[in-house]
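Engineer:
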Amino acid sequence: METILITIIDYKAGNLTSVKLAFDALNEESEITDSVKRILEADRVVFPGVGAAGTAMKTLNDLKLVDVIRKVVDKGTPFLGICLGTQIIFQRSEEDGGVDGVGLIPGTVRLFKPISHFDKVPQMGWNSVKQLCRHFLFQEIDDNSEFYFVHSYYPVPSDKSYVIGETEYGGVTFSSVISKDNLVATQFHPEKSGKVGLRLLKNFCAWKKD
Amino acid sequence: MLTKRIIPCLDIRNKKVTKGIRFQNNIDLGDPVELAAKYYDDGCDELVFYDITASTERRPIDIEMVKEVAKAIRIPFAVGGGISTISDMSRVLLAGAEKVSVNSLAVENPRIITEGAKAFGSQCMVLGMDPLKVKTSAKIPSGYEITTRGFRHRTGMDTLEWAKKAEDLGIGEIVVNSVDADGTREGFEIGLTRMIAENVGVPVVASGGAGKPEHLVEVFKFAYADAAIIAGMIHTGKYTIPQIKEYLRNEAVPVREKW
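Residue numbers (my numbering), protein chains in the order written: chain G, 6 to 215; chain B, 117 to 375.
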């Protein structure tokens with residue numbers, strides 16, 4: 006049987022070790038790479054990342070990966086965005102004075118502006134995700150399970166039908182899980198979200214596998 | 117709703133977890149990787165490891181241990197002790213840690229905070245501070261002086277001013293470890309924790325003094341801590357993480373329910 010290869014896109018936006026370790030724990034073969042060839046021939050692609058949107062987009066452009074990401078998503082490869090990876094597949098982010106994203110999801114990414122002094126920015130820690138519909142990604146994951154978040158900005162899709170999970174923070178209910186065709190994206194870090202997060206990654210590995 | 121984090125702290129000495137009072141009378145509590153895996157299974161939200169002898173022995177942090185921990189658990193963990201350069205930080209993070217904690221190093225060289233935040237992002241940079249209660253003075257208006265090197269050295273720096281400065285420099289989180297409460301198990305220092313939580317925009321982690329679940333309720337409800345570090349109360353087996361979480365839930369403190 007052919008092994009399924011997952012590529013984790015390396016665009017110098019944060020530490021990808023824990024993403025790789027999570028797939029190792031699931032016995033799923035994965036590799037961290039910035040190679041256009043490896044990304045295009047992968048069976049599944051993970052687009053993680055932490056840091057600032059402006060720098061990340063610049064690096065993606067320098068590495069000529071923007072079109073590669075569009076290509077893999079266009080050709081139907083199961084694609085998972087995580088945290089900053091989720092934010093920069095949107096059309097636009099408010100971060101760094103306004104940055105154009107990869108543009109796979111119509112909408113913008115906005116900064117938390119909490120009313121309460123005690124809602125810190127970034128949101129850092131475990132928050133619950135309300136599942137808005139049944140989805141392969143949520144298999145055997147209880148509704149309102151908590152996942153690990155670290156972010157100052159949150160995605161606002163212009164088409165609500167792409168939102169499959171929601172989370173409350175800083176006085177807003179934001180889209181924490183997005184799904185569009187063969188693309189899924191989480192604002193939280195499944196690779197650091199304990200057994201529940203591992204289950205979500207396992208679901209991703211089995212998703213659209215005929 | 118964002119839940120309050122419960123963070124077991126593992127002090128490492130000679131590759132073993134140890135626990136003492138004010139860095140004295142240390143007792144051996146076992147293997148760090150095994151203990152981390154146990155607390156992970158029990159539902160802790162994050163972990164912190166301090167290699168407490170790395171600095172005094174002038175050796176780098178035990179990177180193999182960090183790698184083993186990263187393989188064993190799937191939650192964020194921070195590592196402190198024995199970190200003196202950006203490349204030390206890089207090694208720890210690439211080994212699989214989520215955050216690095218700096219304390220004496222940041223006092224001696226505050227620029228390291230900015231350099232670390234630029235290289236890895238603020239969310240990776242934790243400031244550990246060890247404030248000692250002193251008489252309020254012109255130099256120490258908050259009444260808490262920063263100590264370093266395991267409480268042995270008094271810096272003459274004001275705790276609140278240092279917290280604000282560290283935030284400006286790009287720190288992502290502040291662990292407030294009360295020298296006076298550390299190891300006593302008589303409760304967190306509420307006034308100190310609250311003072312920092314009210315005056316900085318980044319998450320604040322309370323540390324020092326946790327002895328029973330009521331202490332965590334106090335620090336979350338009255339000091340507005342975002343997270344709390346516990347050590348002796350669980351290392352001794354007196355309490356378990358599920359017990360502590362149940363107590364907090366009954367007191368209407370939001371905690372992670374499912375893991």
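Backbone N, C-alpha and C fix where the C-beta goes; we use that ideal spot for every residue, glycine too.
Expressed to the nearest angstrom, what Euclidean distance is found between the alpha-carbon atoms of V114(G) and E99(G)?
Structural biologist: Taking the first sequence and counting its residues from 1, one reaches residue 114(G) at position 109. Taking the first sequence and counting its residues from 1, one reaches residue 99(G) at position 94. One C-alpha to the other measures close to 6 angstroms.
Engineer: Can you name the start and end residues of the beta strand (DSSP E) that K215(B) belongs to?
Structural biologist: For the purposes of this step, residue 215(B) is taken as residue 99 along the second sequence, with counting starting at 1. Counting along the chain, the beta strand (DSSP E) containing K215(B) begins and ends at 215-218.
Engineer: Is it true that the CB of Y153(G) sits closer than 8 angstroms to the CB of S198(G)?
Structural biologist: Taking the first sequence and counting its residues from 1, the one referred to as residue 198(G) is at position 193. Taking the first sequence and counting its residues from 1, the one referred to as residue 153(G) is at position 148. Closer than 8 angstroms, so yes.
Engineer: Taking DSSP as the reference, what is the three-state secondary structure of E173(G)?
Structural biologist: For the purposes of this step, residue 173(G) is identified with residue 168 of the first sequence, where counting begins at 1. Residue state, collapsed to three classes: strand.
Engineer: Any beta-carbon of chain G closer than 8 angstroms to the one on D158(B)?
Structural biologist: Here residue 158(B) corresponds to residue number 42 of the second sequence, with the count starting at 1. Not closer than 8 angstroms to any Cβ of chain G, the Cβ of D158(B) fails to qualify, so no.
Engineer: Could you please tell me which residues of the region 336-355 of chain B, in chain order, have their CB closer than 9 angstroms to any CB of chain G?
Structural biologist: From the region 336-355 of chain B, only Y340, D342, A343 have a Cβ closer than 9 angstroms to chain G.
Engineer: Helix, strand or coil for C210(G) per DSSP?
Structural biologist: Working through the first sequence from its first residue, we reach residue 210(G) at position 205. Of the three classes helix, strand and coil, the one that applies to C210(G) here is helix, per DSSP.
Engineer: Since I199(B) and V216(B) should fall inside the 8 angstroms C-beta cutoff, what is the C-beta to C-beta distance between them, to a whole number of angstroms?
Structural biologist: Counting from 1 along the second sequence, the entry for residue 199(B) is found at position 83. Counting from 1 along the second sequence, the entry for residue 216(B) is found at position 100. For I199(B) against V216(B), the beta-carbon gap comes to about 6 angstroms, under 8 angstroms, which counts as contact.
Engineer: In chain B, which residues lie with their C-beta within 8 angstroms of the C-beta of M129(G)?
Structural biologist: Along the first sequence, one-based indexing puts residue 129(G) at 124. Residues of chain B passing the Cβ test: Q239, G288, E289, P319, D342.
Engineer: Tell me, which residues are paired with A343(B) by DSSP?
Structural biologist: In the second sequence, residue 343(B) corresponds to position 227, counting from 1. Partner(s): R121(B), V321(B).
Engineer: Should G102(G) go down as buried or exposed, given a rule of 16 or more other Cβ atoms within 10 Å for buried?
Structural biologist: To locate residue 102(G), count along the first sequence from 1; it is residue 97. With fewer than 16 other Cβ atoms within 10 Å, it is exposed.
Engineer: Return the bridge partner residues of A194(B) from the DSSP annotation.
Structural biologist: Looking up residue 194(B) in the second sequence gives position 78. Note: A194(B) sits in a beta bridge opposite V164(B), K215(B).
Engineer: At the 8 angstroms Cβ level, is F95(G) part of the contact set with chain B, yes or no?
Structural biologist: One-based indexing of the first sequence puts residue 95(G) at position 90. Output row for F95(G): interface = no.
Engineer: Could you tell me how far apart the beta carbons of R121(B) and A343(B) are, in whole angstroms, since I believe they sit closer than 8 angstroms?
Structural biologist: What you label residue 121(B) is simply residue 5 of the second sequence in a count that begins at 1. What you label residue 343(B) is simply residue 227 of the second sequence in a count that begins at 1. The Cβ separation is near 4 angstroms, so the contact holds.
Engineer: Could you give the distance in angstroms between the alpha-carbon of E99(B) and the alpha-carbon of K255(B)?
Structural biologist: Chain B is shown only over 117 to 375; residue 99(B) falls outside these bounds and no answer can be derived.
Engineer: Can you tell me whether DSSP reads I146(G) as helix, strand or coil?
Structural biologist: Against the first sequence, residue 146(G) aligns to sequence position 141. The DSSP-derived three-state label of I146(G) is coil.
Engineer: Using the C-alpha atoms, what's the distance from T356(B) back to M241(B)?
Structural biologist: Taking the second sequence and counting its residues from 1, one reaches residue 241(B) at position 125. Taking the second sequence and counting its residues from 1, one reaches residue 356(B) at position 240. Roughly 29 angstroms between the two C-alpha positions.
Engineer: If you pair each beta-carbon of the region 324-336 of chain B with each one of the region 118-127 of chain G, do three or more pairs fall below 8 angstroms?
Structural biologist: Touching, no.
Engineer: Whole angstroms is fine: what's the gap from I306(B)'s alpha carbon to D157(B)'s?
Structural biologist: Taking the second sequence and counting its residues from 1, one reaches residue 306(B) at position 190. Taking the second sequence and counting its residues from 1, one reaches residue 157(B) at position 41. Taking the straight line from one Cα to the other gives about 30 angstroms.
Engineer: Exposed or buried, which one is R190(B) when buried takes at least 16 other CB atoms within 10 Å?
Structural biologist: Residue 190(B) sits at position 74 when you count from the first residue of the second sequence. By the neighbour-count rule (16 or more Cβ atoms within 10 Å), R190(B) is buried.
Engineer: Does the beta-carbon of P148(B) have 16 or more other beta-carbons within 10 angstroms, so that it is buried, or is it exposed?
Structural biologist: Reading the second sequence from its first residue, position 32 is the one you call residue 148(B). That one is buried.
Engineer: Use the C-beta contact count for E58(B): other C-beta atoms within 10 angstroms, 16 or more gives buried, fewer gives exposed.
Structural biologist: No answer is possible for residue 58(B): it lies beyond the span of chain B, which begins at 117 and ends at 375.
Engineer: How many Å lie between V73(G) and I94(G) at the Cα?
Structural biologist: If you number the first sequence from 1, residue 73(G) lands on position 68. If you number the first sequence from 1, residue 94(G) lands on position 89. Near 12 angstroms, if we compare the C-alpha coordinates of I94(G) and V73(G).
Engineer: Kindly list the residues whose CB is nearer than 6 angstroms to the CB of M6(G), restricted to its own chain and excluding five residues on each side of it in sequence; keep chain order.
Structural biologist: As a position in the first sequence, residue 6(G) is number 1, starting the count at 1. At M6(G) the pLDDT is 43, less than 50, meaning the model places this residue with poor confidence; the figure from the coordinates comes in the next sentence. Excluding sequence neighbours, M6(G) sits near nothing in its chain.
Engineer: Residues in the same chain with beta-carbon distance under 6 angstroms from R207(B), minus the five sequence neighbours each way, listed in chain order, please.
Structural biologist: For this step, residue 207(B) is matched to residue 91 along the second sequence. If we look at R207(B) and ignore the five residues flanking it on each side, its Cβ neighbours are I179.
Engineer: Given a threshold of 16 other Cβ atoms within 10 Å of its Cβ, counted over all protein chains shown, does S163(G) qualify as buried or as exposed?
Structural biologist: Numbered from its first residue, the first sequence carries residue 163(G) at position 158. Exposed.
Engineer: Say whether chain B places a C-beta atom closer than 8 angstroms to the C-beta of E173(G).
Structural biologist: Within the first sequence, residue 173(G) is the residue found at index 168, counting from 1. Yes, E173(G) lies at the interface with chain B (some Cβ there is under 8 angstroms from its Cβ).
Engineer: Compare the C-beta of K374(B) against all C-beta atoms of chain G and say whether one is closer than 8 angstroms.
Structural biologist: For the purposes of this step, residue 374(B) is taken as residue 258 along the second sequence, with counting starting at 1. Yes - at least one Cβ of chain G is within 8 angstroms of the one on K374(B).
Engineer: Between the alpha carbons of A153(B) and V71(G), how many angstroms are there, rounded?
Structural biologist: The residue labelled residue 153(B) in the question sits at position 37 within the second sequence. The residue labelled residue 71(G) in the question sits at position 66 within the first sequence. Rounded to whole angstroms, A153(B) to V71(G) spans 39 angstroms at the Cα level.
Engineer: Starting from the beta carbon of F123(G), find every residue of chain B whose beta carbon is closer than 9 angstroms, and list them in chain order.
Structural biologist: Along the first sequence, one-based indexing puts residue 123(G) at 118. Under the 9 angstroms cutoff, chain B gives A313, E314, Y340, D342.
Engineer: Exposed or buried, Q128(G), counting other C-beta atoms within 10 Å across all chains shown (16 or more means buried)?
Structural biologist: The sequence position of residue 128(G) within the first sequence is 123, counting from 1. Answer is buried; the Cβ neighbour count reaches 16.
Engineer: Kindly indicate the opening and closing residues of the alpha helix (DSSP H) around P358(B).
Structural biologist: On the second sequence, residue 358(B) is found 242 positions in, with the first residue counted as 1. Element bounds for P358(B): 357-366.
Engineer: How long is the line joining the alpha carbons of S323(B) and A368(B), rounded to whole angstroms?
Structural biologist: Within the second sequence, residue 323(B) is the residue found at index 207, counting from 1. Within the second sequence, residue 368(B) is the residue found at index 252, counting from 1. If you take the alpha carbons of S323(B) and A368(B), they lie about 21 angstroms apart.
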